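Engineer: Have a look at this one.
2 protein chains.
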Amino acid sequence: MADTLTLDGLIAVLPADTVVTDPDIIAGYRQDRALDPEAGLPMAVVRARSTADVVAAVRWCAANRVPIIPRGAGTGLSGGSGGVVGAITISTERMREIEIDPVMRVAVVQPGLLNAEVKSAVKQHGLWYPPDPSSFEICSIGGNAATNAGGLCCVKYGVTTDYVLGMQVVLADGRAIRLGGPRLKDSAGLSLTKLFVGSEGTLGIITELTLRLLPPQPPASTVVASFASVHHATEAVLAITDQIRPAMLEFMDAVAINAVEDHLKMGLDRTAGAMLVAQSDAPGAAAADEIAIITAAFEANEASEVFSTDDVAEGEAFTVARRMAIPAVEKLGSLLLEDVGVPLPSLPALVDGIAAIAQRRDVMISVIAHAGDGNTHPLIVFDPTDTEQAARADLAFGEVMDLAIGLGGTITGEHGVGRLKKAWLPDQVGEDVMDVSRRIKDALDPDHLLNPGTMF
Amino acid sequence: MADTLTLDGLIAVLPADTVVTDPDIIAGYRQDRALDPEAGLPMAVVRARSTADVVAAVRWCAANRVPIIPRGAGTGLSGGSGGVVGAITISTERMREIEIDPVMRVAVVQPGLLNAEVKSAVKQHGLWYPPDPSSFEICSIGGNAATNAGGLCCVKYGVTTDYVLGMQVVLADGRAIRLGGPRLKDSAGLSLTKLFVGSEGTLGIITELTLRLLPPQPPASTVVASFASVHHATEAVLAITDQIRPAMLEFMDAVAINAVEDHLKMGLDRTAGAMLVAQSDAPGAAAADEIAIITAAFEANEASEVFSTDDVAEGEAFTVARRMAIPAVEKLGSLLLEDVGVPLPSLPALVDGIAAIAQRRDVMISVIAHAGDGNTHPLIVFDPTDTEQAARADLAFGEVMDLAIGLGGTITGEHGVGRLKKAWLPDQVGEDVMDVSRRIKDALDPDHLLNPGTMF
Numbered sequence: 001m002a003d004t005l006t007l008d009g010l011i012a013v014l015p016a017d018t019v020v021t022d023p024d025i026i027a028g029y030r031q032d033r034a035l036d037p038e039a040g041l042p043m044a045v046v047r048a049r050s051t052a053d054v055v056a057a058v059r060w061c062a063a064n065r066v067p068i069i070p071r072g073a074g075t076g077l078s079g080g081s082g083g084v085v086g087a088i089t090i091s092t093e094r095m096r097e098i099e100i101d102p103v104m105r106v107a108v109v110q111p112g113l114l115n116a117e118v119k120s121a122v123k124q125h126g127l128w129y130p131p132d133p134s135s136f137e138i139c140s141i142g143g144n145a146a147t148n149a150g151g152l153c154c155v156k157y158g159v160t161t162d163y164v165l166g167m168q169v170v171l172a173d174g175r176a177i178r179l180g181g182p183r184l185k186d187s188a189g190l191s192l193t194k195l196f197v198g199s200e201g202t203l204g205i206i207t208e209l210t211l212r213l214l215p216p217q218p219p220a221s222t223v224v225a226s227f228a229s230v231h232h233a234t235e236a237v238l239a240i241t242d243q244i245r246p247a248m249l250e251f252m253d254a255v256a257i258n259a260v261e262d263h264l265k266m267g268l269d270r271t272a273g274a275m276l277v278a279q280s281d282a283p284g285a286a287a288a289d290e291i292a293i294i295t296a297a298f299e300a301n302e303a304s305e306v307f308s309t310d311d312v313a314e315g316e317a318f319t320v321a322r323r324m325a326i327p328a329v330e331k332l333g334s335l336l337l338e339d340v341g342v343p344l345p346s347l348p349a350l351v352d353g354i355a356a357i358a359q360r361r362d363v364m365i366s367v368i369a370h371a372g373d374g375n376t377h378p379l380i381v382f383d384p385t386d387t388e389q390a391a392r393a394d395l396a397f398g399e400v401m402d403l404a405i406g407l408g409g410t411i412t413g414e415h416g417v418g419r420l421k422k423a424w425l426p427d428q429v430g431e432d433v434m435d436v437s438r439r440i441k442d443a444l445d446p447d448h449l450l451n452p453g454t455m456f
Numbered sequence: 457m458a459d460t461l462t463l464d465g466l467i468a469v470l471p472a473d474t475v476v477t478d479p480d481i482i483a484g485y486r487q488d489r490a491l492d493p494e495a496g497l498p499m500a501v502v503r504a505r506s507t508a509d510v511v512a513a514v515r516w517c518a519a520n521r522v523p524i525i526p527r528g529a530g531t532g533l534s535g536g537s538g539g540v541v542g543a544i545t546i547s548t549e550r551m552r553e554i555e556i557d558p559v560m561r562v563a564v565v566q567p568g569l570l571n572a573e574v575k576s577a578v579k580q581h582g583l584w585y586p587p588d589p590s591s592f593e594i595c596s597i598g599g600n601a602a603t604n605a606g607g608l609c610c611v612k613y614g615v616t617t618d619y620v621l622g623m624q625v626v627l628a629d630g631r632a633i634r635l636g637g638p639r640l641k642d643s644a645g646l647s648l649t650k651l652f653v654g655s656e657g658t659l660g661i662i663t664e665l666t667l668r669l670l671p672p673q674p675p676a677s678t679v680v681a682s683f684a685s686v687h688h689a690t691e692a693v694l695a696i697t698d699q700i701r702p703a704m705l706e707f708m709d710a711v712a713i714n715a716v717e718d719h720l721k722m723g724l725d726r727t728a729g730a731m732l733v734a735q736s737d738a739p740g741a742a743a744a745d746e747i748a749i750i751t752a753a754f755e756a757n758e759a760s761e762v763f764s765t766d767d768v769a770e771g772e773a774f775t776v777a778r779r780m781a782i783p784a785v786e787k788l789g790s791l792l793l794e795d796v797g798v799p800l801p802s803l804p805a806l807v808d809g810i811a812a813i814a815q816r817r818d819v820m821i822s823v824i825a826h827a828g829d830g831n832t833h834p835l836i837v838f839d840p841t842d843t844e845q846a847a848r849a850d851l852a853f854g855e856v857m858d859l860a861i862g863l864g865g866t867i868t869g870e871h872g873v874g875r876l877k878k879a880w881l882p883d884q885v886g887e888d889v890m891d892v893s894r895r896i897k898d899a900l901d902p903d904h905l906l907n908p909g910t911m912f
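As you go down the protein sequences, you meet chains A and B in turn. The opening residue of the first sequence carries number 1 in the numbering used here; numbering runs sequentially from there. The opening residue of the second sequence carries number 457 in the numbering used here; numbering runs sequentially from there.
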């Protein structure tokens with residue numbers, strides 16, 4: 001990038017009111033929810049309204065070798081949409097169209113629509129888009145695809161990639177291409193759609209998604225239980241998943257329970273060591289069978305309070321409690337937010353190991369988890385003004401990932417690698433896999449303009 | 457490749473009885489089930505027993521710039537595993553190990569095991585591997601992954617890629633790498649596992665797969681009906697899929713019905729224009745609801761005989777009939793086998809359009825279909841000794857793919873592009889997508905040694 005580069009050329013190729021140069025507004029695009037201290041102020045923000053806007057912006061960046069940060073709603077938890085000095089942030093927040101075809105059971109959506117808005121729009125056609133990150137009310141569907149986001153129902157219904165049938169994506173050179181389409185089966189050519197899902201904006205900018213929809217989820221029955229210890233709770237998880245795949249199986253430890261109770265005052269057991277929230281949406285009599293299996297597994301692991309309900313609203317209250325865990329724990333201090341996952345049988349070892357790290361490093365680590373699929377969110381709570389504690393928190397952050405890798409797990413189940421976890425990626429996947437990944441990156445983005453610092 | 461190249465070096469790096477040089481045996485590796493007239497006799501066949509064997513063979517080929525044809529059971533229907541003159545065919549037929557972890561619900565399998573053997577082995581642990589190509593008794597799991605194979609239950613349960621959690625794959629330079637693993641959620645790095653599934657051996661040779669397993673399929677109820685015309689049947693398909701996603705929804709036209717009846721003599725209605733076989737495996741009372749919806753849709757479209765049964769064996773007899781359709785029609789002449797798919801609402805237009813092509817080109821085209829997901833197998837029957845008819849069959853083969861592309865569909869829903877369909881791939885996906893695909897191919901296999909002529 002030449003020192004003399006001005007934004008005049010960029011402004012000239014885009015509609016009025018698209019390129020943001022006001023530093024006060026740009027400051028709002030510096031961070032995503034990961035609050036990466038290394039995040040920088042981008043040179044400008046392009047608030048695209050269309051694929052054509054994204055194409056024009058990327059072409060200008062490519063011609064001038066300006067790095068590009070793709071950004072959806074900015075709710076990323078790995079720092080993958082945070083700003084970079086000298087870069088242009090291309091925000092898709094204004095790209096909010098959706099078309100639903102109830103016969104084909106697909107939605108064609110622009111990336112800026114929020115996950116909750118997609119769910120709500122398809123519900124009006126009697127359909128269901130399953131993936132449900134806890135942040136579903138504030139995260140964008142484009143960001144969901146970029147990170148291959150998960151959620152609570154994924155234990156039974158799979159993750160974002162399982163619902164992406166096609167997309168339009170703008171490549172690093174500004175070409176917009178279409179991949180896949182509204183077809184349930186398609187083996188024609190390389191599976192590029194699946195490659196772009198989860199690529200965190202490093203290979204292209206998704207400007208449209210074709211999503212597979214399901215019939216509405218049957219009404220779910222809910223079982224909630226408190227346990228004396230996290231270990232009892234994780235053993236109960238295995239006792240359930242050995243037999244059935246529930247529609248939801250969520251875990252909160254004592255810190256999370258108390259933080260949530262502080263806010264919601266819904267009568268959660270503040271003395272419990274852990275809490276599990278499980279749901280079955282099996283149709284008809286099968287739900288009762290599953291609820292019986294879940295209840296028996298809870299009781300066999302000394303659950304102190306087991307509450308079950310067929311009332312959907314009552315069950316939803318516990319889901320809301322679980323969804324609130326991250327923001328509630330966030331009130332206790334600054335957070336380093338983990339997303340480690342392990343094969344299910346290693347879940348107790350992971351949770352026990354995290355407790356050992358917390359003790360050794362003398363930091364608070366609250367664990368919440370999508371326990372049914374082995375995906376946990378250890379939340380490392382620290383006081384950023386206490387530099388020694390912050391340094392210990394940083395050490396713990398790495399050690400939790402090392403622990404997961406050692407257990408055959410992953411450093412990220414659903415948030416993506418972003419900038420915060422990229423140092424651990426080679427440890428998980430190995431140098432050969434990094435080499436293959438880099439070759440693909442080099443082939444599709446030879447100047448490494450797309451989301452520099454993320455993943456690679 | 458030097459003219460003076462001998463196989464001594466290859467034989468030296470592999471265990472005894474691994475490199476096949478006997479021309480009579482090699483002849484058996486010339487064709488796959490596509491019977492591509494262009495297929496050539498490979499220079500030798502490596503019958504690998506382990507990943508190490510594949511690594512050694514690929515390294516030798518890479519050092520000597522010898523093309524490599526990866527091959528599983530040789531049941532491919534697009535010519536992707538047929539022989540190439542001067543190439544080494546690496547067969548995985550002897551790699552037949554399987555390990556099942558019932559707690560994690562995964563199977564770690566070598567690629568040479570047949571799909572039916574995988575199903576049978578996991579069934580002994582009370583588990584289910586859903587994908588079920590019609591050829592499941594003779595096709596290998598490695599070939600299934602290489603082509604992203606589908607089958608009958610895919611309308612409800614998805615295709616091979618939805619069940620591949622990880623793999624070991626040998627790259628073009630002979631490095632063996634591991635991708636993914638036994639984790640239900642993993643967003644760490646590019647989705648390479650998904651990229652290699654369906655890559656038809658053009659990016660690497662899969663030597664091990666980690667497969668996700670499900671609890672056993674609930675017993676299915678079956679409804680079978682005959683229709684006066686194919687159009688009535690395809691309209692019935694839409695009437696069903698507008699409301700529910702059945703566990704199976706298969707279509708046979710009059711030619712297929714009669715060809716199957718010739719063999720099975722099970723009393724199929726030889727006067728019918730088409731037949732549908734549908735199943736519901738919804739638990740409990742939900743099955744009866746689905747069967748009622750299916751039956752009503754059949755009757756609303758003037759089905760002449762509607763037979764339903766809760767008896768699994770009785771239902772399976774009709775599934776067997778449908779699975780037998782390709783081999784039965786094959787007895788009528790040589791086949792050009794299509795695999796075109798369209799978005800569901802276009803299914804009647806596709807089937808009607810195929811009839812028009814058959815009439816215009818004066819060739820017999822029998823249509824069977826996984827109708828519930830819009831994936832059809834038009835079978836073009838011709839007499840290879842009648843060169844004029846064979847030429848018309850060739851024209852029809854291309855026109856059926858053109859038709860599918862024109863309807864927003866795909867040239868291959870589950871068989872892969874192979875060598876026979878690659879000329880149509882750019883028409884479907886466009887030149888920009890071909891360019892992206894070629895860049896990835898070039899990045900991972902710069903000398904284009906892996907499965908030359910397939911897809912690219």
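Idealized CB from N, CA, C, for every residue including glycine. Since the structure is predicted, the reported quantities are computational estimates derived from the model, not experimental observations.
1. Let me check one thing: in DSSP terms, what residues is Leu705 (chain B) bridge-paired to?
2. Output, in chain order, the set of chain A residues within a Cβ distance shorter than 8 Å of Val889 (chain B).
3. The alpha helix (DSSP H) that contains Val510 (chain B), what's its start and end?
4. Under the DSSP definition of a beta bridge, which residues are partnered with Gln624 (chain B)?
5. Run through DSSP, which three-state label would Ser78 (chain A) get?
6. Give me the residue from A:Gly315, A:Ala188, A:Arg178, A:Thr147 with the minimum Cα distance to Asn451 (chain A).
7. Please confirm whether Cys61 (chain A) has its beta-carbon closer than 8 Å to some beta-carbon of chain B.
8. Could you tell me the boundaries of the alpha helix (DSSP H) in which Phe318 (chain A) lies?
9. Using 10 angstroms around the beta-carbon of Val541 (chain B), count the other beta-carbons present and answer buried if the total reaches 16, otherwise exposed.
10. Given a cut-off of 8 Å on the beta-carbon distance, is the pair Thr666 (chain B) and Met623 (chain B) in contact?
11. Is Pro111 (chain A) near Ser78 (chain A), with beta carbons less than 8 Å apart?
12. Which parts of the stretch 544–589 of chain B are runs of the alpha helix (DSSP H), unbroken and 4 residues or longer, counting only runs that do not cross its ends?
13. Check whether the stretch 438–452 of chain A touches the stretch 878–898 of chain B, taking contact to mean three or more Cβ pairs, one atom from each stretch, closer than 8 Å.
14. Do the stretch 166–186 of chain A and the stretch 792–799 of chain B make contact, defined as three or more Cβ pairs closer than 8 Å?
15. Run down chain A in chain order and give the residues with a C-beta less than 7 Å from the C-beta of Gln884 (chain B).
16. Any idea if Lys787 (chain B) is buried or exposed, counting beta-carbon neighbours within 10 angstroms, 16 or more meaning buried?
17. Check whether the Cβ atoms of Leu395 (chain A) and Arg419 (chain A) sit closer than 8 Å, and answer yes or no.
18. Along chain B, which residues have their Cβ under 9 Å away from the Cβ of Val85 (chain A)?
19. Run through chain A and tell me which residues come within less than 8 Å of Glu868 (chain B), C-beta to C-beta.
20. Measure the CB-CB distance between Pro216 (chain A) and Val312 (chain A) and report whether it falls below 8 Å.
21. Who are the Cβ neighbours of Met560 (chain B) in its own chain at under 8 Å, not counting the five residues just before and after it?
22. When you check each C-beta in the stretch 107–139 of chain A against every C-beta of chain B, which residues fall closer than 7 Å?
23. Between Arg486 (chain B) and the rest of its own chain, which residues show a CB-CB distance below 6 Å, the 5 nearest in sequence each way excluded?
24. Along the chain, where does the alpha helix (DSSP H) containing His687 (chain B) start, and where does it finish?
25. Rounded to whole angstroms, how far is the Cβ of Val819 (chain B) from the Cβ of Arg848 (chain B), which I believe are closer than 8 Å?
26. Relative to the C-alpha of Gly789 (chain B), which candidate in B:Ala781, B:Ser736, B:Glu870, B:Phe838 has its C-alpha closest?
27. Pick from A:Asp310, A:Pro102, A:Asn64, A:His263: whose alpha carbon is nearest that of Gly174 (chain A)?
28. I need the straight-line Cα distance from Arg270 (chain A) to Asp253 (chain A), nearest angstrom please.
29. Can you find a C-beta in chain B that's less than 8 Å from the C-beta of Asp162 (chain A)?
30. Closer than 7 Å: is that where the CB of Val381 (chain A) sits relative to any heavy atom of the ligand PLP?
31. For chain B, find out if any of its Cβ atoms is closer than 8 Å to the Cβ of Leu403 (chain A); answer yes or no.
32. Assuming Leu379 (chain A) contacts Ile365 (chain A) under a Cβ cut-off of 8 Å, what Cβ separation, rounded to an integer in Å, is found between them?
33. For a test of the three-state rule: what should DSSP assign to Met911 (chain B), helix, strand or coil?
34. For the 8 Å Cβ check, are there 3 or more pairs between the stretch 698–708 of chain B and the stretch 602–620 of chain B?
35. Just to confirm before moving on: does the CB-CB distance between Ala107 (chain A) and Val122 (chain A) stay below 8 Å?
Structural biologist: Inspection of the coordinates gives the following:
1. Under DSSP, Leu705 (chain B) forms a beta bridge with B:Ala734.
2. Those are Ile177, Arg178, Leu179, Gly189, Leu192, listed as they occur along chain A.
3. Boundaries of the alpha helix (DSSP H) around Val510 (chain B): 507–520.
4. Assignment of beta-bridge partners to Gln624 (chain B) by DSSP yields B:Arg634, B:Glu664.
5. Annotated three-state conformation of Ser78 (chain A) is coil, per DSSP.
6. Closest by alpha carbon: A:Thr147.
7. For Cys61 (chain A), no CB of chain B lies under 8 Å from its own CB, so it is not counted at the interface with that chain.
8. Annotation: the continuous alpha helix (DSSP H) that includes Phe318 (chain A) extends over 312–323.
9. When all chains shown are included, Val541 (chain B) counts as exposed.
10. Yes, they are a contact pair.
11. Pro111 (chain A) is not a Cβ neighbour of Ser78 (chain A), given a cutoff of 8 Å.
12. Within the stretch 544–589 of chain B, the complete alpha helix (DSSP H) runs of at least 4 residues are 571–579.
13. Result yes; three or more Cβ-Cβ pairs closer than 8 Å.
14. Because the criterion of three Cβ pairs below 8 Å is met, the stretch 166–186 of chain A and the stretch 792–799 of chain B touch.
15. By Cβ distance, chain A contributes Ala188.
16. Burial is judged here by how many other beta carbons sit within 10 angstroms of a residue's own beta carbon; Lys787 (chain B) has fewer than 16 and is exposed.
17. No, these two residues do not count as a Cβ contact at 8 Å.
18. What Val85 (chain A) touches in chain B: nothing, since even the nearest Cβ is about 25 Å away.
19. Per the sequence shown, the amino acid found at residue 868 (chain B) is Thr instead of Glu. Here the neighbours are Asp186, Ser187, Ala188.
20. Pro216 (chain A) places its beta carbon 8 Å or farther from that of Val312 (chain A).
21. Counting only Cβ-Cβ distances below 8 Å, and skipping sequence neighbours, we find Pro638.
22. Going along the stretch 107–139 of chain A in chain order, one finds no residue with a Cβ nearer than 7 Å to chain B.
23. Closer than 6 Å at the Cβ level, and outside the excluded window around Arg486 (chain B), lie Ala495, Leu497, Gly539.
24. It spans 686–697 - the alpha helix (DSSP H) in which His687 (chain B) sits, taken as one unbroken run.
25. Right, their Cβ atoms sit about 5 Å apart.
26. Closest in C-alpha terms to Gly789 (chain B), from the list B:Ala781, B:Ser736, B:Glu870, B:Phe838, comes B:Phe838.
27. When each option's Cα is compared against that of Gly174 (chain A), the closest is A:Asn64.
28. The straight-line gap from Cα to Cα measures roughly 10 Å.
29. At a cut-off of 8 Å between C-beta atoms, Asp162 (chain A) counts as an interface residue with respect to chain B.
30. Ligands in the displayed structure: none, and consequently the ligand PLP is not present.
31. No, its Cβ sits nowhere closer than 8 Å to a Cβ of chain B.
32. Between Leu379 (chain A) and Ile365 (chain A) a beta carbon distance of about 7 Å is seen, short of the 8 Å cut, so the two are scored as contacting.
33. Residue state, collapsed to three classes: coil.
34. They touch, by the three-pair rule.
35. Going by C-beta atoms, Ala107 (chain A) is nearer than 8 Å to Val122 (chain A).
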